[in-house]
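*Asks:*
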Amino acid sequence: MSDRPKNVVILGSTGSIGESALKVARDLPDRMRVIGLAANRSSEKLANQVAEWGVKEGCLADSTLLNDFKSRLPAGVTAHTGEEGLVEMATLPEADLVLIAIVGTAGLRPALAAIEAGKDIAVASKEILVMAGEAVMTAAREKGVRVLPVDSEHNAIFQCLEGRKATDVSRLILTASGGPFRKKPVAELADVTVEQALNHPTWEMGPKITIDSATLFNKGLEMIEARWLFDVEMDRVDVIVHPQSIVHSMVEFIDGSVLAQLSVNDMCFPIQYAVTWPARVANSLRPLDFAELARLEFEAPRWDDFPALRLAQRAGTVGGTLPAVMNAANEIAVAKFLENSLRFPKIWETVEETMDAHDVIDHPKLDEILAADAWAREFASGQLT
Ligand code: NDP
233 MSDRPKNVVI
243 LGSTGSIGES
253 ALKVARDLPD
263 RMRVIGLAAN
273 RSSEKLANQV
283 AEWGVKEGCL
293 ADSTLLNDFK
303 SRLPAGVTAH
313 TGEEGLVEMA
323 TLPEADLVLI
333 AIVGTAGLRP
343 ALAAIEAGKD
353 IAVASKEILV
363 MAGEAVMTAA
373 REKGVRVLPV
383 DSEHNAIFQC
393 LEGRKATDVS
403 RLILTASGGP
413 FRKKPVAELA
423 DVTVEQALNH
433 PTWEMGPKIT
443 IDSATLFNKG
453 LEMIEARWLF
463 DVEMDRVDVI
473 VHPQSIVHSM
483 VEFIDGSVLA
493 QLSVNDMCFP
503 IQYAVTWPAR
513 VANSLRPLDF
523 AELARLEFEA
533 PRWDDFPALR
543 LAQRAGTVGG
553 TLPAVMNAAN
563 EIAVAKFLEN
573 SLRFPKIWET
583 VEETMDAHDV
593 IDHPKLDEIL
603 AADAWAREFA
613 SGQLT
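Each residue of the sequence shown is one higher than the one before, starting from 233 at the first, in the working numbering.
1) Shorter than 6 Å, the distance from the beta carbon of S274 to the closest heavy atom of the ligand NDP, or not?
2) Please confirm whether V240 and V266 have their CB atoms less than 7 Å apart.
3) Looking only at its own chain, which residues have a Cβ that is under 6 Å from the Cβ of A556, when we skip the five neighbours before and after it?
4) Drop a sphere of 10 angstroms on the beta-carbon of G268, count the other beta-carbons inside from all chains shown, and report buried for 16 or more, exposed for fewer.
5) Taking N239 as part of the alpha helix (DSSP H), name the residues at either end of that continuous run.
6) Tell me the residue span of the beta strand (DSSP E) that contains G394.
7) Report the partner residues of T473 according to the DSSP bridge assignment.
8) Among residues of its own chain, excluding the 5 on either side of D383, which ones have a beta-carbon nearer than 8 Å to its beta-carbon?
9) Rounding to the nearest angstrom, what Cα-Cα distance links T447 and P306 in this structure?
10) Could you please give me the residues that DSSP links to S481 through a beta bridge?
11) Give me whichever residues DSSP pairs with G290 in a beta bridge.
12) Between the C-alpha atoms of D294 and A346, what's the straight-line distance to the nearest angstrom?
13) Between the alpha carbons of A311 and L298, how many angstroms are there, rounded?
14) What do you reckon, is the C-beta of D383 under 6 Å from a heavy atom of the ligand NDP?
15) Closer than 6 Å to a non-hydrogen atom of the ligand NDP - does that hold for the CB of M363?
16) To the nearest angstrom, report how far apart R518 and C500 are at their CA atoms.
17) Is K255 near the ligand NDP, in the sense that its beta carbon is under 6 Å from a heavy atom of that ligand?
18) Residues in its own chain within less than 6 Å of V473 by CB, not counting five upstream and five downstream?
19) Assuming G290 contacts A270 (C-beta within less than 8 Å), just tell me the rounded distance between them.
20) Could you give the distance in angstroms between the alpha-carbon of F413 and the alpha-carbon of V309?
Encoded structure:
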């Protein structure tokens with residue numbers, strides 16, 4: 233690639249990852265040029281971003297707010313909306329890289345459209361690889377484009393694997409902070425509040441992923457994400473709790489050596505590497521100060537107290553439409569929990585009930601994945617009314 237900055241479209245620019253991506257762009261103007269921004273309903277915030285970054289294309293997915301969005305835009309900006317709008321943004325002719333940072337599954341079609349148009353994609357939205365990992369990775373291989381991981385754990389593994397042979401790898405080891413309830417007795421989990429669950433010990437993130445970190449579904453989703461991103465079987469994807477979130481993940485090789493990637497826990501690190509890859513570029517981020525780190529601890533996850541991990545192992549091992557079903561049921565249950573209308577353990581109970589009731593389709597096509605997703609949402613909602 234030439235020395236010009238990479239042209240980047242950010243889908244989900246008003247969220248936590250989106251804002252970190254804009255921080256990276258501000259820090260590295262010679263490397264990253266923002267050319268398109270998209271969000272769902274944050275009309276004013278998105279319009280302000282569009283104006284600040286001088287981009288000519290913006291998309292507010294919720295079409296009921298399109299007029300409001302248009303009225304806030306500077307002259308000369310094209311406003312898009314709906315799923316078609318996200319697809320148009322993902323396929324802008326001048327885009328080199330599309331960052332998918334939309335919470336949930338709405339990023340799937342735009343991601344596939346970007347790949348089809350020959351763009352590299354940087355994926356924060358783990359849900360799309362959980363739902364459709366096989367389809368996304370196959371499409372990327374066929375088109376010869378890159379799927380660059382933004383999730384800090386997968387970005388770490390991506391870095392540890394660089395230049396290594398797949399046959400040399402014995403295990404991928406994802407680190408997990410353990411979430412706010414790492415030490416909570418199992419009997420007390422039934423009574424935790426939304427506020428407690430949103431109080432993540434080490435990362436500041438959007439509400440959905442923060443609840444997923446509390447149930448450990450986040451790590452479960454990441455196990456499946458890793459399975460597809462790095463093409464390894466589920467039983468070679470392991471999890472270790474590491475409360476400090478400094479070691480972002482590790483790869484164990486067949487000779488017993490382990491490589492790890494470490495940094496301060498700031499999502500700007502993995503976002504930057506996804507944008508500048510394969511180059512390493514100096515930045516203004518705070519480097520690790522080992523003298524300041526009191527210690528790095530590791531402990532086994534509480535598999536029996538946090539059933540999300542085993543449910544994800546099962547979904548990833550069975551494959552087919554089951555991961556999409558797990559993901560969709562979890563989204564429904566988390567939304568209800570965030571509305572204060574569900575007790576915490578009911579999240580994984582609902583997911584398990586929905587998975588048990590599903591007839592799995594192997595090697596599903598996109599429409600079968602979307603149908604399984606829709607079925608699971610309806611079934612899970614039915615369980616919760
Ligand atoms: P946030 O809730 O902070 O932000 C979500 C973003 O997605 C917002 O810009 C939102 O727009 C947009 N969005 C939501 N639905 C749609 C839609 N239908 N169409 C278009 N845009 C939409 O989430 P996060 O930034 O925390 O997470 C984003 C993704 O990244 C998730 O998949 C998460 O799992 C993953 N991730 C996040 C990490 C983090 O540190 N935050 C770490 C690793 C992965 P609006 O503001 O209008 O609602």
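C-beta atoms are modelled at their ideal positions from N, C-alpha and C, and glycine is treated no differently.
Predicted model only: the values in this text are computed from it and were never measured.
*Replies:* Well, looking at it:
1) The residue you call residue 274 lines up with position 42 of the sequence shown. Within the cutoff, so yes.
2) What you label residue 240 is simply residue 8 of the sequence shown in a count that begins at 1. What you label residue 266 is simply residue 34 of the sequence shown in a count that begins at 1. Contact flag set, yes.
3) Your numbering for residue 556 matches position 324 in the sequence shown. Result list for A556: M363, I601, A604 and D605, in chain order.
4) As a working note, residue 268 is residue 36 in the sequence shown. Buried, because 16 or more other Cβ atoms sit within 10 Å of the Cβ of G268.
5) As a position in the sequence shown, residue 239 is number 7, starting the count at 1. Careful: N239 lies outside any alpha helix (DSSP H), inside the beta strand (DSSP E) at K238 to L243.
6) In the sequence shown, residue 394 corresponds to position 162, counting from 1. This sequence places Glu at residue 394; Gly is not what is there. Bounds of any beta strand (DSSP E) do not take in E394, whose DSSP letter is neither H nor E.
7) For the purposes of this step, residue 473 is taken as the residue at position 241 of the sequence shown. For the sequence presented, residue 473 should be read as Val rather than Thr. BP columns for V473 point to A408 and E531.
8) As a working note, residue 383 is residue 151 in the sequence shown. V355, A356, K358, E454, E457 and P502, listed in sequence order.
9) For the purposes of this step, residue 447 is taken as the residue at position 215 of the sequence shown. For the purposes of this step, residue 306 is taken as the residue at position 74 of the sequence shown. T447 and P306: Cα-Cα distance of roughly 43 Å.
10) As a first step, residue 481 is located in the sequence shown; it is residue number 249 there, counting from the start. Answer is L406 and Q493.
11) Position 58 of the sequence shown, counted from the start, is the residue given in the question as residue 290. L269 and A311, per the DSSP bridge assignment.
12) Start at 1 with the first residue of the sequence shown, and residue 294 comes out as number 62. Start at 1 with the first residue of the sequence shown, and residue 346 comes out as number 114. Computed Cα separation, rounded: 20 Å.
13) Locating residue 311 in the sequence shown gives position 79, counting from the first residue. Locating residue 298 in the sequence shown gives position 66, counting from the first residue. A direct Cα-Cα distance of roughly 8 Å separates A311 from L298.
14) The residue you call residue 383 lines up with position 151 of the sequence shown. True, at least one ligand heavy atom lies under 6 Å from that Cβ.
15) What you label residue 363 is simply residue 131 of the sequence shown in a count that begins at 1. For the ligand NDP, not one heavy atom lies less than 6 Å from the Cβ of M363.
16) Locating residue 518 in the sequence shown gives position 286, where the first residue counts as 1. Locating residue 500 in the sequence shown gives position 268, where the first residue counts as 1. Computed Cα separation, rounded: 10 Å.
17) Your numbering for residue 255 matches position 23 in the sequence shown. Every heavy atom of the ligand NDP is 6 Å or more from the Cβ of K255, so no.
18) Translated into positions along the sequence shown, residue 473 becomes position 241. Once the five neighbours on either side are set aside, the close Cβ partners of V473 are A408, G410, E531 and P533.
19) Taking the first residue of the sequence shown as 1, we reach residue 290 at position 58. Taking the first residue of the sequence shown as 1, we reach residue 270 at position 38. That belief holds up - the Cβ atoms of G290 and A270 are roughly 7 Å apart, short of 8 Å.
20) In the sequence shown, the residue the question calls residue 413 occupies position 181. In the sequence shown, the residue the question calls residue 309 occupies position 77. Those two C-alpha atoms are separated by around 46 Å.
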